[in-house]
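**Q**
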Amino acid sequence: MTVDTANPENASRERIEQTILSAAEQVFSQHGYRGASLQAIADQAQLPKANILYYMGSKQALYVRLLNRMMRRWNAVLEDIHEESDPAQVLSDFIRTKMELGQRYPEGSKLFAAEILAGAPFLKEYLSGELKAWVASRAAIIREWSRQGKMDDVDPRWLIFLIWSATQHYTEYSAQVSGILGKASLSEADLASVCQFLEHVILKGCGIATSGHLTR
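In our numbering, the protein residues as written are 109 to 324.
1. Locate the alpha helix (DSSP H) running through ASP151, then write down its first and last residues.
2. Apart from the five residues just before and just after ILE310, which ones in its own chain have a Cβ nearer than 6 Å to its Cβ?
3. Starting from the C-beta of MET259, find all residues in its chain whose C-beta is less than 6 Å away, skip the five residues before and the five after it, and write them out in chain order.
4. May I ask you to verify whether the segment 118-133 touches the segment 158-168, counting CB pairs closer than 8 Å and requiring at least 3?
5. Closest by CA to THR318, which one among VAL262, ASN183, SER200?
6. For a quick check, are the C-beta atoms of VAL285 and MET207 less than 8 Å apart?
7. Give me the Cα-Cα distance between ALA153 and THR127, rounded to the nearest whole angstrom.
8. Return the Cβ separation of LEU219 and PHE136 in integer angstroms, given the expectation that the two are a contact with Cβ distance under 8 Å.
9. Using CA atoms only, rank isn't needed, just tell me which of LEU289, ARG121, ALA222, LYS232 is closest to TYR162.
10. To the nearest angstrom, how far is the alpha carbon of ASN159 from that of HIS308?
11. Could you check the C-alpha separation between GLU215 and ARG255 for me, to the nearest Å?
12. Sorted by chain position, which residues of the same chain lie with C-beta nearer than 7 Å to ILE224's C-beta, five sequence neighbours on each side aside?
13. Rounded to whole angstroms, what is the Cα-Cα separation between PRO264 and ILE250?
14. Please state whether DSSP places PHE202 in a helix, a strand or coil.
15. Should GLN147 go down as buried or exposed, given a rule of 16 or more other Cβ atoms within 10 Å for buried?
16. If you drop the 5 nearest sequence neighbours on each side, which residues of the same chain put their C-beta closer than 7 Å to that of HIS321?
17. Which value, in whole angstroms, describes the spacing of the CA atoms of TRP266 and ALA144?
18. Can you tell me whether ARG212 is buried or exposed? The criterion is at least 16 other CB atoms within 10 Å of its CB, across all chains shown.
19. Tell me which same chain residues have a C-beta within less than 6 Å of the C-beta of THR205, skipping the five on either side of it?
20. Does DSSP classify ARG324 as helix, strand or coil?
If you want it as structure tokens, here you go:
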């Protein structure tokens, strides 16, 4: 039995919320938080403004939900790692997934960057609470990998920051990348090359031997 068949009301609500979130992501990324309006989001979603308020509560709640969704997408690949995981595979997957998501959801990535550059006025509690705890839990596993001799003793926080920033560069600074390379956008081959480069530099810098066994 499908979700729609089992609970059509919940499925309908989910579709409407996803429509609103997609529209809001475009409007916020184009105009910023202050420049965006609920009416503009409603127009983009082709829904009444009252529906935006009903499903999302407020402009701020909608904005914060978008930012949190972007972070969950980025970090999902690290949710199920454990002390017995292969750091080469985990970090390779993290790099490639972050790169792929940045290209698939450029508006969300740029929206998050704009929020951070503004001093994270709407995310301070999340960054110092939930996200800080998440990074600490991942860092503990990475430190255990170092203790087991699977990789060098590097600071896991700097490693996570490095992967975040290195992969997001190709989305948030896409105009710079395109200008220097003389391309309107990166091809699939370009993205594969970037991922391979980042894997080589980051994994080698962490003292991780890949032995060519990573799956693609």
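Even glycine gets a Cβ: it sits at the ideal position worked out from N, Cα and C.
**A** Answer, in terms of the structure:
1. 146-153
2. Short of 6 Å from the beta carbon of ILE310, and not among the five residues preceding or following it, lies no beta carbon of its own chain.
3. PRO195, TRP253, CYS314, GLY315, ILE316
4. yes
5. SER200
6. Contact: no.
7. 6 Å
8. 5 Å
9. Ranking LEU289, ARG121, ALA222, LYS232 by Cα distance to TYR162 puts ARG121 first.
10. 48 Å
11. 39 Å
12. none
13. Here the alpha carbons of ILE250 and PRO264 stand approximately 6 Å from one another.
14. helix
15. By the neighbour-count rule (16 or more Cβ atoms within 10 Å), GLN147 is not buried but exposed.
16. Unreliable placement is indicated for HIS321, whose pLDDT of 48 sits below 50; the coordinate value is still reported in the next sentence. Taken in chain order, the list of residues that qualify is empty.
17. 34 Å
18. With fewer than 16 Cβ atoms within 10 Å of its Cβ, ARG212 is classed as exposed.
19. Within the same chain, THR205 has close Cβ partners VAL185.
20. Low local confidence applies: a pLDDT of 48 at ARG324 is under 50, so the model's placement there is unreliable, with the coordinate-based value given in what follows. ARG324: coil per DSSP, three-state reduction.
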